[in-house]
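J.: The structure under discussion is supplied below as structure tokens; questions concerning it will follow.
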Amino acid sequence: MQFLATFIMKGRMQAMTVASSLALLSLLFPPVSIVSSAAVSLVTLRRGASEGLYVLICSCVAAAVLSTLLIGNYQYALLYGLAFWLPVWLISIVLREGRYLTLAIEIAVLLGVAVVLGIYTIQEQPVQLWREVLSFMLQPMLEGKTDVSLEQIKQSAELLAHFMTGVAAAGSVYGLLFGLFLARWWQAALYNPGGFRAEFLALKGHVHLTLMTLLVAGLAMLTSGKTAELCWNVLLVLLVTYTMIGTAVLHAAFSVMKGSRFMVPFLYVTLMLIPHVMVVIVLCGLTDTWLDLRNKLKPKGA
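Following this line, the structure appears as structure tokens:
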């Protein structure tokens, strides 16, 4: 995908073309939104906040025009700009000025936490909202033939409704970070080969955020009712930080082992195929704050 980064960096028009066209394409294939966000992020990382903002605004206008012509709705482009491009622009500034990937990740996560807190402040019963959303999404399954009983589906939906605010916020933060990572990888590929790999493998959590995460986890387990529900939803977002750090820790450890060319791909394949492994990843990310697991897991003589 380096050719796309080269094209984006040729000028404003090229960057706006990629960002706006891929934004509309993401209606058909949602993962494309990551590449669209990365286009705005790359310009911001390389050329600064003002240039990134210029591309962001013009891309919104271009996407609004295209959206009106193709689907008769310009609001989608404006929502896209607010939900995807504006946050990635902000954390790209943090990364450009602060030069620490961990800080950018933590800011993105705190934005997600702010969204969860905002929803619980504005919406008196977020669970009821998610019940309606899940009911609509599951309607085809409820009406069709399925091996799972209707009662089980309804029970699962009811349970999930209590955590959907955190799940949705965490998913948005992941999308935001993947866009940032892609942009940073593009930047390294064009101007600093190998730079992103070194930066990612050096990820390490800050003590204050780790302590806050453990405190929220404790409150979630010890309290009940709406307080516990809020804490669980906030915790889901906070743990995004430690999935990233834990992955970096294990990647760094596997990369110096014998057979690293097989071990590292195996790590990522396992993450995709066996989601439960994420628990181990999170624990690695949390404990690395104090234990420096990279050195402890490193083979002797490596």
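Position 299 of the sequence shown, counting from 1, maps to 292 under the numbering used here, and the rest follow consecutively. Just so it is clear, CB atoms sit at the ideal spot from N, CA and C, and this is done for glycine as well.
#1: In three-state DSSP terms, what is Q7?
#2: The alpha helix (DSSP H) with W179 in it runs from where to where?
#3: Is it a yes or a no for the stretch 43 to 55 touching the stretch 178 to 190, going by three-plus beta-carbon pairs under 8 Å?
#4: Mind listing, in chain order, the continuous alpha helix (DSSP H) runs of no fewer than 4 residues lying wholly within the stretch 233 to 274?
#5: Measuring straight from C-alpha to C-alpha, what distance separates W283 and I274?
#6: So M271 packs on T234, CB below 8 Å; how close in whole Å?
#7: Terminal residues of the continuous alpha helix (DSSP H) containing F22?
#8: Sorted by chain position, which residues of the same chain lie with C-beta nearer than 8 Å to I100's C-beta, five sequence neighbours on each side aside?
#9: So, with DSSP's three-state summary, where would you put R92?
#10: Given a cut-off of 8 Å, decide if G218 and A162 are closer than it, judged by their beta-carbon atoms.
#11: Have a look at I146 and L153 and give me their C-alpha separation to the nearest angstrom.
#12: Taking the alpha carbon of L212 as the point to measure from, which residue in L202, W225, A107 has its own alpha carbon closest?
#13: Looking at the structure shown, is D285 part of a helix, part of a strand, or coil, going by DSSP?
#14: Using alpha carbons as the reference points, say which of S142, A221, V200 lies closest to A210.
#15: Do the stretch 112 to 121 and the stretch 166 to 173 meet, that is, are 3 or more Cβ pairs less than 8 Å apart?
#16: Looking only at its chain, what residues have a beta carbon closer than 7 Å to the beta carbon of F247, apart from the 5 residues adjacent to it on each side?
#17: Roughly how many angstroms lie between the CA atoms of A245 and F174, to the nearest whole one?
#18: How long is the line joining the alpha carbons of K251 and Y93, rounded to whole angstroms?
#19: Do F171 and L229 come within 8 Å of each other at the CB atom, strictly closer than that value?
#20: Kindly give me the distance between the Cβ atoms of S19 and V25, rounded to whole angstroms, as I take these residues to be in contact under 8 Å.
T.: On the basis of the data shown:
#1: Position 14 of the sequence shown, counted from the first residue, corresponds to residue 7. Helix at Q7.
#2: In the sequence shown, counting from the first residue as 1, residue 179 sits at position 186. Counting along the chain, the alpha helix (DSSP H) containing W179 begins and ends at 157 to 184.
#3: no
#4: 253 to 266
#5: Taking the sequence shown and counting its residues from 1, the one referred to as residue 283 is at position 290. Taking the sequence shown and counting its residues from 1, the one referred to as residue 274 is at position 281. Taking the straight line from one Cα to the other gives about 15 Å.
#6: By 1-based counting over the sequence shown, the position of residue 271 is 278. By 1-based counting over the sequence shown, the position of residue 234 is 241. 13 Å between Cβ atoms; not a contact.
#7: On the sequence shown, position 29 is the one that residue 22 refers to. Premise fails: F22 is in no alpha helix (DSSP H) and is neither H nor E.
#8: Sequence index remark: in the sequence shown, residue 100 carries index 107 (1-based). For I100, where only same-chain residues beyond five positions count, the Cβ hits under 8 Å are L83, I84, V87.
#9: Numbered from its first residue, the sequence shown carries residue 92 at position 99. Reduced to three states, the DSSP call for R92 is coil.
#10: Translated into the one-based positions of the sequence shown, residue 162 becomes position 169. Translated into the one-based positions of the sequence shown, residue 218 becomes position 225. No. Outside cutoff.
#11: The residue you call residue 146 lines up with position 153 of the sequence shown. The residue you call residue 153 lines up with position 160 of the sequence shown. Rounded to the nearest angstrom, the two C-alpha atoms are 10 Å apart.
#12: Along the sequence shown, read from residue 1 onward, the residue named residue 212 stands at position 219. Measuring from the Cα of L212, the nearest candidate turns out to be W225.
#13: As a working mapping, residue 285 is identified with position 292 in the sequence shown. Under the three-state reduction of DSSP, D285 is assigned to coil, being neither helix nor strand.
#14: As a position in the sequence shown, residue 210 is number 217, starting the count at 1. Of S142, A221, V200, the residue nearest in Cα terms is A221.
#15: With a cut-off of 8 Å, the stretch 166 to 173 and the stretch 112 to 121 do not count as touching, because too few Cβ pairs lie within range.
#16: Looking up residue 247 in the sequence shown gives position 254. The answer, listed in chain order, is S253, M256, V257, L260.
#17: Indexing the sequence shown from 1 puts residue 245 at position 252. Indexing the sequence shown from 1 puts residue 174 at position 181. Spanning the two alpha carbons is a distance of roughly 17 Å.
#18: Locating residue 251 in the sequence shown gives position 258, counting from the first residue. Locating residue 93 in the sequence shown gives position 100, counting from the first residue. Rounded to the nearest angstrom, the two C-alpha atoms are 30 Å apart.
#19: Counting from one through the sequence shown, the residue named residue 229 turns up at place 236. Counting from one through the sequence shown, the residue named residue 171 turns up at place 178. No, these two residues do not count as a Cβ contact at 8 Å.
#20: The count along the sequence shown starts at 1 and reaches residue 19 at position 26. The count along the sequence shown starts at 1 and reaches residue 25 at position 32. About 4 Å; that satisfies the 8 Å criterion.
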